[in-house]
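Comments concern the structure below.
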Amino acid sequence: MTVNGFRRGEGGGGPAACDGHFHGDDEMIAALSTQWFANGQRCHKKVRITSARNGRSVEATVVDECDSRRGCKDNIVDTSKAVWEALGLGTNIGEVPVTWSDA
Numbered sequence: 000m001t002v003n004g005f006r007r008g009e010g011g012g013g014p015a016a017c018d019g020h021f022h023g024d025d026e027m028i029a030a031l032s033t034q035w036f037a038n039g040q041r042c043h044k045k046v047r048i049t050s051a052r053n054g055r056s057v058e059a060t061v062v063d064e065c066d067s068r069r070g071c072k073d074n075i076v077d078t079s080k081a082v083w084e085a086l087g088l089g090t091n092i093g094e095v096p097v098t099w100s101d102a
């Protein structure tokens with residue numbers, strides 16, 4: 000899992016693919032790799048994300064596809080700062096191992 004900014008001007012680039020809007024860092028949201036995004040089939044659906052470091056789990060809503068062609072690996076979930084904080088993780092870590100499933 001990596002941290003992503005979903006507000007205008009942050010690292011996420013343009014508006015979210017699912018709704019064409021920007022989103023705040025305080026929202027429990029995620030962007031999935033192209034394969035997992037499944038051409039938008041997971042838009043607005045909840046996913047359960049579990050930290051491999053501490054076992055904590057949260058639910059986040061899928062709002063975007065992370066750009067697999069520009070550096071987002073096929074097995075990455077980009078999430079807002081709110082998800083990291085809810086999992087008890089510092090966003091300065093960069094990338095952390097997680098598991099996820101449809102909620």
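In this text, residue positions in the sequence shown follow the working numbering: the first is 0, and each later residue adds one.
Built from N, CA and C at the ideal position, the CB exists for glycine as well.
Quantities reported herein were computed from a predicted structural model and do not represent experimental measurements.
Less than 6 Å separating the Cβ of residue i from some heavy atom of the ligand COA?
i: N38; result: This structure lacks the ligand COA, and indeed carries no ligand of any kind.
If you draw a straight line from the alpha carbon of residue i to that of residue j, how long is it in whole angstroms?
i: G89; j: D77; result: 14 Å
i: F21; j: I28; result: 11 Å
i: S100; j: G13; result: 26 Å
i: I48; j: E26; result: 14 Å
i: F5; j: K80; result: 10 Å
i: H107; j: I75; result: Shown here, the chain extends from 0 to 102; a query on residue 107 therefore has no answer.
i: C17; j: K45; result: 13 Å
i: R52; j: Q34; result: 25 Å
i: N38; j: V2; result: 22 Å
i: N91; j: G54; result: 19 Å
i: G8; j: G23; result: 12 Å
i: V95; j: C71; result: 14 Å
i: A85; j: G93; result: 16 Å
I need the DSSP call for residue i, collapsed to helix, strand or coil.
i: E84; result: helix
i: F21; result: coil
Between residue i and residue j, which are expected to be in contact by the criterion C-beta below 8 Å, what is the C-beta distance as a whole number of angstroms?
i: M0; j: V97; result: 4 Å
i: D63; j: S32; result: With a Cβ gap of about 11 Å, D63 and S32 do not count as contacting.
i: A102; j: E58; result: 5 Å
Pull the bridge partners of residue i from the DSSP assignment, please.
i: A59; result: V46
i: E118; result: Absent from the model: residue 118. The displayed extent of the chain is 0 to 102, so no value can be given.
i: E64; result: L31
i: S100; result: R47
i: D104; result: This structure cannot speak to residue 104, because the chain is shown only from 0 to 102.
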